[in-house]
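Below is one structure, written out as structure tokens; comments come after it.
Residue numbers (this note's numbering): 841 to 1046.
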């Protein structure tokens, strides 16, 4: 703003003063408004700086949280991999156990079948044994049908007829044991006439 050195004289002086005062007042109001805007701007700038500092802190905390989360994720991935490996091992063991169980069931079924067959064979054997025992009990004291020739000793069994005979004064080539050997079987015998080894005669009775 530029002021001239003019001196207001005469009737113009009173007319210029109000306009000047109004102008000065406007300038003062404008200056005050600028000061208020500056104060507000400073306050907003301070708030913005504080917000920026808070944002930086939040960003730093977020980075820390991100790092922690990344580490936790890596740990979880490692644990998951271990769990998968353990699960695979468990599944293999389970599969092996199932195979062993299937084999055991098959062996058990075969054993049951063999046991059933053995029981049947045992039952059949018991029946055969019982039948044989019955036949033996029925056959005690009896002779099966047919013809027999036996050397007697004492009385003959029922149904048998005793026959006897002898050969006496048999003359032999020599009296040595090569030619005569005494023996007895039941009531039958081969013997020497007189002491054996001295005479060449013997006899047979039956």
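Even for Gly, the Cβ is constructed at its ideal location relative to N, Cα and C.
Taking C-alpha positions only, residue 941 is separated from residue 930 by approximately 16 Å. The DSSP-derived three-state label of residue 980 is coil. In the three-state reduction of the DSSP assignment, residue 894 falls in the helix class. In the same chain as residue 993, and ignoring 5 residues on each side of it, the C-beta atoms closer than 7 Å to its own belong to 1026, 1027, in chain order.
It is roughly 10 Å from the alpha-carbon of residue 867 to the alpha-carbon of residue 873.
Residue ranges of uninterrupted beta strand (DSSP E) with 3 or more members are absent from the stretch 933-970; none lies entirely inside it.
Remark: C-beta atoms of residue 1015 and residue 1046 do not approach each other more closely than 9 Å.
Taking the Cα positions, residue 974 is about 10 Å away from residue 980. Here residue 1043 really is in contact with residue 1010; their C-beta atoms are around 6 Å apart, less than 8 Å.
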